[in-house]
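Q: I have a structure here, written as structure tokens, and I will follow up with some questions on it.
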Amino acid sequence: MTRAIRPHLFYGQTQSLCEICLHPAATKIIIEGNEVYFLKRCVTHGVQRTLVSTDAEYYRRCRDWLKPGDLPMTFLSRTEFGCPLDCGLCPDHEQHSCLALIEINDHCNLTCPVCFADSAPQRAHQLDLPVIERMLDLLVRSEGEPDLLQISGGEPTLHPRILDVLRAAKKRPIRHLMLNTNGLRLAREPDFAKQLAEFTPGFEIYLQFDSLERDALLQIRGADLRGIRQQALENLERNNIATTLVAVLKKGVNDQEIGDIVRHALTWNCVRGVTFQPIQDTGRNQAFDKNRDRVLLSDIRRGLIEQNTGFDAADIIPLPCNPEAITIGYALRDGRRITPITSLLPRELLVGEGPNTIAYEKYPALKERLFQLMSLSAAGEATDLKLRELLCCLPQFEVPDALGYDRVFRVLGIQFLDRYNFCVAQVKRSCIHFVTPQERIIPFDTYNLFYRDGTDRRLRRELGLDAAGRSSSIPLRELAD
Ligand code: SF4
Ligand code: SF4
1367 MTRAIRPHLF YGQTQSLCEI CLHPAATKII IEGNEVYFLK RCVTHGVQRT
1417 LVSTDAEYYR RCRDWLKPGD LPMTFLSRTE FGCPLDCGLC PDHEQHSCLA
1467 LIEINDHCNL TCPVCFADSA PQRAHQLDLP VIERMLDLLV RSEGEPDLLQ
1517 ISGGEPTLHP RILDVLRAAK KRPIRHLMLN TNGLRLAREP DFAKQLAEFT
1567 PGFEIYLQFD SLERDALLQI RGADLRGIRQ QALENLERNN IATTLVAVLK
1617 KGVNDQEIGD IVRHALTWNC VRGVTFQPIQ DTGRNQAFDK NRDRVLLSDI
1667 RRGLIEQNTG FDAADIIPLP CNPEAITIGY ALRDGRRITP ITSLLPRELL
1717 VGEGPNTIAY EKYPALKERL FQLMSLSAAG EATDLKLREL LCCLPQFEVP
1767 DALGYDRVFR VLGIQFLDRY NFCVAQVKRS CIHFVTPQER IIPFDTYNLF
1817 YRDGTDRRLR RELGLDAAGR SSSIPLRELA D
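Residue numbers (my numbering): 1367 to 1847.
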């Protein structure tokens, strides 16, 4: 008699969530062929099996890219109930805020079916400027010189004091400021784009751009926004405002458009890159089906490689501070033509085992590509911008003087955590954080899952953790009442 062999490789163990009650669930990570699954066990709801990657080889390689975390200058909560119920950031967290978000309202002029913030025209709350200033100060206290801040909402351009909010952010030592927008106001009010130009350089628009197709836009945004996007981009181009396009991907709806969106981005001089983000099971996504709708980070990476974007497998690498959540590729551009450079940067350098500055002269292949690019056309606007200012986890990159930010192009895939793919190890490495009006800094993933609507308090109660009656969060909606 021979012993049976497991049909999978047991790759490790983590803690995820029961997909029904959100209670912590002990979770096996298993690999079957080229697929990675979570096998969760909830004491009440039994075993649940969820696909988390369609590229086991890349999933395993992500661990090789890990680098030691950079800590915030101060922690704002205590490690008390256990992750993820101590967000603040608590001292157990492993990363500072590479990218911080401040939501200044919940009012919006769209009602997107995929909105994780559940924003809508009938929501009317606008944070007062003094509250926003306190949040900015908190971020500066936590980060010293924050790398990247996104002003978000709701639709932040509808805040009655949006220009004062941006001025308040610019007054503080924030390296790069972004304004997230659906583009409606930018499209309809050319003068608004002109006013925003006052915040450049060091200012960028993060423009919703999910599809070039009418039907996909109707499914994702509930409106045909093709004309709006075109008009918004024309106004941004006219005012030379750096822009990143951000696309939310839904399986079978727009995941086949990754290449088209990247190529479209390259037709605009003002566009510096595209961020792709899978649809998540949070907010208004009530009809979400984990098997039908999910796009995984591995699918985004495959799309970037296979849909003729100009990037190949070696150019799309895990981001060292949170490799399982973020995949990234950098290129230099000359008009519509790009030359990827990520594969030319040694891994040791990116994970912090080498010097913290990339002097391009020391990397002959990189130097040759830079000179090739610069000899193709007149030099761009000179700036002292370093790649590090785009994403703080990368070492400083000393670009030649004549090579400005307008010659850099990046693609990024970000997969946030929801009830299906939640992983306690991964969430501790989250570097994308909300600053809240309650003076907390909370990872994007846990904020949307637990803290936005007070689910954290329900869980602590149900898990018998709230005996002392402590409460660490007040939902934004409650604060408004
Ligand atoms: S996600 Fe981070 S801040 Fe939140 S409880 Fe876990 S370790 Fe603490
Ligand atoms: S996703 Fe953005 S544009 Fe759409 S409803 Fe939400 S806040 Fe508004």
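Every residue, glycine too, gets a C-beta built ideally from N, C-alpha and C.
Note that the coordinates shown come from a computational prediction; the quantities given were computed from them, not determined experimentally.
(1) Please identify the residue among V1506, Q1596 and C1453 whose C-alpha is closest to the C-alpha of I1540.
(2) Identify, in the order they occur along the chain, each residue of the same chain with its Cβ nearer than 8 angstroms to the Cβ of Q1561, setting aside the five sequence neighbours on each side.
(3) Is any non-hydrogen atom of ligand 2 found closer than 8 angstroms to the C-beta of L1814, if you look at the structure I gave you?
(4) Run through DSSP, which three-state label would L1522 get?
(5) Please classify T1440 as buried or exposed, where buried requires at least 16 other C-beta atoms within 10 Å of its C-beta.
(6) Only counting the same chain, and skipping five residues up and downstream in sequence, which positions put a Cβ closer than 6 angstroms to that of M1501?
(7) Pick out whichever of L1514, H1542, V1497 and P1512 has its Cα sitting closest to the Cα of R1527.
(8) Note down the Cα distance separating R1699 from L1591, rounded to an integer number of angstroms.
(9) Roughly how many angstroms separate the alpha carbons of G1454 and S1463, rounded to a whole number?
(10) Under DSSP, the alpha helix (DSSP H) around T1821 begins and ends at which residues?
(11) Would the C-beta of D1655 count as close to ligand 1, meaning under 8 angstroms from any of its heavy atoms?
(12) On the DSSP bridge assignment, give the partners of H1799 in chain order.
(13) In whole angstroms, what separates the C-alpha of D1655 from that of S1577?
(14) With P1457 and T1445 assumed to form a contact (beta carbons below 8 angstroms), what rounded beta-carbon distance in angstroms separates them?
(15) In three-state DSSP terms, what is S1485?
(16) Please check the pair L1432 and P1689, which I expect to be a contact at CB under 8 angstroms, by giving their CB distance rounded to whole angstroms.
(17) Helix, strand or coil, according to DSSP, for V1332 in the structure here?
(18) Would you say the beta carbon of I1808 comes nearer than 8 angstroms to a heavy atom of ligand 1?
(19) Out of curiosity, what's the CA-to-CA distance linking R1776 and P1487?
(20) Per DSSP, what are the beta-bridge partners of I1586 in this structure?
(21) Which of helix, strand or coil does DSSP assign to D1678?
(22) Mind checking N1674: buried by the 16 CB within 10 Å criterion, or exposed?
(23) Using a 10 Å radius around the Cβ and a threshold of 16 neighbouring Cβ atoms, would you call T1812 buried or exposed?
(24) Report the partner residues of A1559 according to the DSSP bridge assignment.
(25) Can you tell which of R1604, V1717 and D1784 has the C-alpha that lies nearest to the C-alpha of R1429?
A: With the structure as the only source:
(1) Taking the first residue of the sequence shown as 1, we reach residue 1540 at position 174. Ranking the options by Cα distance to I1540, first place goes to V1506.
(2) As a working mapping, residue 1561 is identified with position 195 in the sequence shown. For Q1561, where only same-chain residues beyond five positions count, the Cβ hits under 8 angstroms are L1529.
(3) The residue you call residue 1814 lines up with position 448 of the sequence shown. In the sequence under discussion, the amino acid at residue 1814 is Asn, which differs from the Leu named in the question. Checking every heavy atom of ligand 2 against the Cβ of N1814, none is found closer than 8 angstroms.
(4) Counting from 1 along the sequence shown, the entry for residue 1522 is found at position 156. In the sequence as presented, Leu is not what sits at residue 1522; that position holds Pro. Of the three classes helix, strand and coil, the one that applies to P1522 here is helix, per DSSP.
(5) What you label residue 1440 is simply residue 74 of the sequence shown in a count that begins at 1. Looking at its Cβ environment, which holds fewer than 16 other Cβ atoms inside 10 Å, T1440 is exposed.
(6) For the purposes of this step, residue 1501 is taken as the residue at position 135 of the sequence shown. Excluding sequence neighbours, M1501 sits near I1468 and V1801.
(7) Position 161 of the sequence shown, counted from the first residue, corresponds to residue 1527. Taking only the C-alpha atoms, the option nearest R1527 is V1497.
(8) Position 333 of the sequence shown, counted from the start, is the residue given in the question as residue 1699. Position 225 of the sequence shown, counted from the start, is the residue given in the question as residue 1591. Whole-angstrom Cα-Cα distance: 28 angstroms.
(9) Residue mapping note: residue 1454 aligns to position 88 of the sequence shown, counting from 1. Residue mapping note: residue 1463 aligns to position 97 of the sequence shown, counting from 1. Distance between the alpha carbons of G1454 and S1463: 12 angstroms.
(10) The residue you call residue 1821 lines up with position 455 of the sequence shown. Here the alpha helix (DSSP H) through T1821 covers T1821 to E1828.
(11) Walking along the sequence shown from the start, residue 1655 turns up at place 289. It does not: the Cβ of D1655 is nowhere closer than 8 angstroms to a heavy atom of ligand 1.
(12) Along the sequence shown, read from residue 1 onward, the residue named residue 1799 stands at position 433. DSSP lists A1466 and P1809 as partners of H1799.
(13) To locate residue 1655, count along the sequence shown from 1; it is residue 289. To locate residue 1577, count along the sequence shown from 1; it is residue 211. For D1655 and S1577, the distance between alpha carbons rounds to 21 angstroms.
(14) The residue you call residue 1457 lines up with position 91 of the sequence shown. The residue you call residue 1445 lines up with position 79 of the sequence shown. So it is a contact: roughly 5 angstroms between Cβ atoms.
(15) Counting from one through the sequence shown, the residue named residue 1485 turns up at place 119. S1485: coil per DSSP, three-state reduction.
(16) Here residue 1432 refers to the residue found at position 66 of the sequence shown. Here residue 1689 refers to the residue found at position 323 of the sequence shown. Going by Cβ atoms, the distance from L1432 to P1689 rounds to 6 angstroms, so yes, they are a contact pair.
(17) Residue coverage of the chain in this structure runs from 1367 to 1847, which leaves residue 1332 outside it and unanswerable.
(18) As a first step, residue 1808 must be located in the sequence shown, where it is residue number 442. Yes, since a heavy atom of ligand 1 falls inside the 8 angstroms radius drawn around the Cβ of I1808.
(19) Working through the sequence shown from its first residue, we reach residue 1776 at position 410. Working through the sequence shown from its first residue, we reach residue 1487 at position 121. Taking the straight line joining both Cα atoms gives about 33 angstroms.
(20) By 1-based counting over the sequence shown, the position of residue 1586 is 220. Per DSSP, none; premise fails for I1586.
(21) The count along the sequence shown starts at 1 and reaches residue 1678 at position 312. The answer is coil: DSSP assigns D1678 none of H, G, I, E or B.
(22) As a working mapping, residue 1674 is identified with position 308 in the sequence shown. It counts as exposed.
(23) Within the sequence shown, the letter at position 446 stands for residue 1812. Label assigned to T1812: buried.
(24) In the sequence shown, residue 1559 corresponds to position 193, counting from 1. According to DSSP, which records beta bridges pairwise, A1559 is partnered with nothing at all.
(25) As a first step, residue 1429 is located in the sequence shown; it is residue number 63 there, counting from the start. The shortest Cα separation from R1429 among R1604, V1717 and D1784 belongs to V1717.
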